[in-house]
Every structure is written in C-alpha cells, then in structure tokens.
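Be aware that the sequence shown starts at 24, since it is given in this note's numbering, and climbs by one per residue.
Have a look at the structure below, then the notes.
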Amino acid sequence: MTARRLRSSRSRAKEPLTDGGSETAGTLVGVATRAGVLLAADTRTSQGTVVRSERVQKLAQVHPTAAMGSPDHLGVMQSFVQTIRLEADRYETERGDPMTLPELSTVAAEKLRAKSEAGTFVLGGVDDDGPHVFCLCPDGGVLEDESVVVGSGREVAAGVLEADATAALTMAEARRVAGRALASSAERDALTGVGVRVAEITAAGVETTDYESIDELL
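What follows is the structure, given as structure tokens:
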C-alpha cells in the first residue's frame, strides 16, 4: 500500500451530472454515500499531448466538512479554491458556525460566475441535512445530484457512475466505484492519469489521501 495520508480534519436524476465540456486536464468524480461524500480526481496535467506532471492536486479542503476541485485551468483553479476557503473561514469567524453546504455552493457559484475562466468545479460535503454533491458551472449554475463527473474523461466515467453509484454506498464501496470510473477514463482518455487523490468527507471532517495508482482503490 503506497497511499500517503495528508490531512484529517439534490436533484435525483438517474444519470450522473456532467459538465458538458470545456478545456480540461483529467477527470474528477463525486459520489454521495451513507456516511458522507467521496471526491476523487486523477493527478495528471498535460499541455497538448505532453504530460507536464503526474502529481497535480485537483482537490482541496475548503470548509470543515467540505472539499472541492476541478480539472480545468489548474493555476486559476487553485487560486479559486483558496478564495472559497477564505470565504468559508470568514463566515465561520463572523457567525460562529460554518456555512451550510447549499450556502457554500451559492457563494462559490457567485464567485465562479465572476471568474468563469476557472472552469467547472465539483463541491462535496456534509452538513446537518446530510451529504451533498454539487456541480458548479462557469455561468454560475449549481446542480446537485448523488454523483457528479467533470473533465475530459467524463463520458466514460459517467457510465460507471450511472451503473454503480447510489447514496446507499458505504465509503469503502464508493471508493471502489470511483476507482472503476477513473480507471475507465484513464484507459480511454490520454489526459487522465493513473495517480489519484481522494477526499473522504464525513461529519467528522475531511480526510485526503494520495494514491500512486488507481488500482489501489479497486
């Protein structure tokens, strides 16, 4: 096992939501579970046909019980994630309680609409109402579902999620489903790599783990 542990801390359509397409660099999936939410993204970034890195972080914690990420325009993405983290921290400092996930998704969508070059994001987390998985679109749209996939490998991954992802999954089962979705994308999409970052989100916090190979999730 080569996993490296880094940190601890809805609409109900049958088909998983997808971003519809944009310039991307890999695949990111989000799955609601009985205990919370699992987000998983490959760690490859490419420029054209040239692989630039296999260790890019496309997911990050932004809230005590939420994480978000995107495979789009990675430099802009990382700056945007930091902006949302600061907004969530400021809200909690001023109000004494963290934002609910719908509130956080609304704030993020408003910021994203003003910075549409950041691309499409997935936001997942847990609040008093349970787990939430959102797709945040560059036009400010917010879509919630039990599973979400964005990125260049989304079409292949969506087929796996449609067949296997439900809110009745345990976290371990969701990890395997996400692994199968990313493995399918990596086989058919040159921009999706075999390294993976996984964020497992529960009411207790966010636990992020890096894996050198998708096979470790299966």
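Idealized CB from N, CA, C, for every residue including glycine.
These numbers were taken from a predicted model, which means no experiment stands behind them.
If one requires a minimum length of 4 residues, the alpha helix (DSSP H) runs lying completely within the segment 103-146 are 124-136, in chain order. CA-to-CA, the gap between Ala180 and Ser128 works out to about 23 Å.
In the DSSP assignment, Leu184 falls within the unbroken alpha helix (DSSP H) covering Arg177 to Asp187. Judged by DSSP in its simplified three-state form, Glu210 adopts helix.
Only buried fits Thr66, as 16 or more other CB atoms lie within 10 angstroms of its CB. Boundaries of the beta strand (DSSP E) harbouring Ala63: Val60 to Asp65, taken from the DSSP string. Taking a 10 Å sphere around the C-beta of Glu167, we find 16 or more other C-beta atoms and assign the residue as buried. In the structure shown, the three-state DSSP call for Val79 is coil. Minimum Cα-Cα distance from Ala111 among the listed residues Ala197, Asp238, Arg78 and Ala89 corresponds to Ala89.
The three-state reading of DSSP puts Gly92 in strand, counting E and B together.
Put simply, the segment 207-218 touches the segment 172-179. At least three CB pairs are less than 8 Å apart. Between the alpha carbons of Gly59 and Pro154 lies a gap of roughly 5 Å.
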